[in-house]
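Residue numbers (the numbering used here): 3 to 105.
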């Protein structure tokens, strides 16, 4: 008999409930403990990780699976909103729901 089990695939949404796709993560500590920062392209992720390190913030890129597990475990996550006024650059990122897979 097949059983549904949680997978490491998830959908995300921002603080307003809008879906967030194409997430590429950097884990960094800006002084409040490690947090995740999501970007919409690998290029943006890599540029951000380098910029964080240049500002003295320990940073590393993490896989989607690792980010999912850390967010599920309670780590705070933020999504970069692109070309918006600087007051609104970061929004909290949350998991909508983990997808189920048949095993």
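No residue lacks a Cβ here, since even glycine has one placed at the ideal position from N, Cα and C.
Buried/exposed call for residue 95, threshold 16 Cβ in 10 Å: With at least 16 other beta carbons inside 10 angstroms of its own, residue 95 counts as buried.
Residue 94 (DSSP reduced to helix, strand or coil): If DSSP states are grouped into helix, strand and coil, residue 94 belongs with the strands.
Helix, strand or coil at residue 14 according to DSSP, with G and I counted as helix: DSSP places residue 14 in strand when its eight states are reduced to three.
Minimum length 4: unbroken alpha helix (DSSP H) runs contained in the segment 42-81: Those alpha helix (DSSP H) runs which fall completely within the segment 42-81 and span 4+ residues are 44-56 and 66-74.
Assigned exposure category for residue 82 - 16 Cβ within 10 Å defines buried: Flag for residue 82 reads buried.
Contact under 9 angstroms by Cβ, residue 13 with residue 69: In this structure, residue 69 does not lie closer than 9 angstroms to residue 13 by Cβ.
Collapsed DSSP secondary structure at residue 32 in the structure displayed: Here residue 32 sits in coil by DSSP.
Residue 23 (DSSP reduced to helix, strand or coil): DSSP places residue 23 in coil when its eight states are reduced to three.
Proximity test, Cβ basis, 9 angstroms: residue 46 and chain D: Reference to chain D is not applicable here, since this structure consists of a single protein chain.
Beta-carbon proximity check, residue 23 vs residue 42, cutoff 9 angstroms: Going by C-beta atoms, residue 23 is nearer than 9 angstroms to residue 42.
Between the CA atoms of residue 19 and residue 98 - distance to the nearest angstrom: Rounded to the nearest angstrom, the two C-alpha atoms are 9 angstroms apart.
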